[in-house]
Ligand SMILES: [Zn+2]
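Residue numbers (the working numbering): -6 to 242.
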């Protein structure tokens, strides 16, 4: 069942899934696609099967910065749908993937009739808010190298070790000069922690990158686990190792 590749969908009650399933469509999310604009109404709710959606705050000066990432462990647009709210920021597809999509009106209807589903959506919003708050502290207090390594670890958790990224895009997402990103990237590459080649980053040593990261990646992981707990491989086969519950637990 393709929709179970998203953790939110795999976590909803069978009765709720039966109600939602006829309204779910499968779409391809291509790199750079804008799925929401700041202060505009959200008409579609996205449950990604992989890849990364970036929540971005744009300033009038033209600068932009990423404040949160959503992958197959999350959803975009559900909280806005259940309360007829506007998107707080721009959301673009940073790493492509397939996604299940439902009309906002369908998600609102289900949330109105199922407290369990509504609770799940609110839990995810709580996690996203925690992630944004952690990113705010990270951007203000940690070095570019620490931030970049934290960013790579979060991406690793969502999509694995091969990341389609240009340095220019990375600099934009982090709100720093491209030269700063280049310097850090070449340092990490020189130490054999990443391999950077033609717009692709391969994380060679995730342990090494984690050691260079600030505490923020661990805080985001802990927040997720505090809110959602681990999942079994049977329930959510797409989960990264981080979120899996081993047989021993
Ligand atoms: Zn940090």
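For glycine and all other residues, C-beta sits at the position ideal for the given N, C-alpha and C. Here the structure is a predicted model, which means the values were calculated and not measured.
The DSSP-derived three-state label of residue 112 is helix. In this structure the stretch 15 to 32 does not lie against the stretch 146 to 153, because fewer than three pairs of beta carbons, one per stretch, are closer than 8 Å.
Neighbourhood of ligand 1, defined by CB distance below 6 Å to any of its heavy atoms: 131, 135, 139, 140, 143, 207 and 209, in chain order. In the structure shown, the three-state DSSP call for residue 129 is helix. Its Cα nearest to that of residue 156, the residue 195 stands out among 170, 175, 171 and 195. Fully contained in the stretch 25 to 85 are the following beta strand (DSSP E) runs of length 3 or more, in chain order: 27 to 29, 37 to 41, 45 to 51 and 57 to 63. Residue 194: member of the beta strand (DSSP E) spanning 193 to 196, first to last residue. Where residue 6 is concerned, there is no enclosing beta strand (DSSP E), because DSSP gives it neither an H nor an E. Using a 10 angstroms sphere on the CB of residue 170, the tally of other CB atoms stays under 16, which defines it as exposed. Inter-segment contact for the stretch 79 to 98 and the stretch 48 to 55 is present: three or more beta-carbon pairs are separated by less than 8 Å.
The beta carbon of residue 75 sits closer than 7 Å to those of 100, 101, 104, 111 and 114, all from its chain and outside the five residues before and after it, given in chain order. Rounded to the nearest whole angstrom, the CA to CA distance from residue 144 to residue 62 is 10 Å.
Residue burial annotation: residue 109 is exposed, with fewer than 16 other C-beta atoms found within 10 angstroms of its C-beta. Straight across, the Cα-Cα distance linking residue 193 with residue 158 is about 5 Å.
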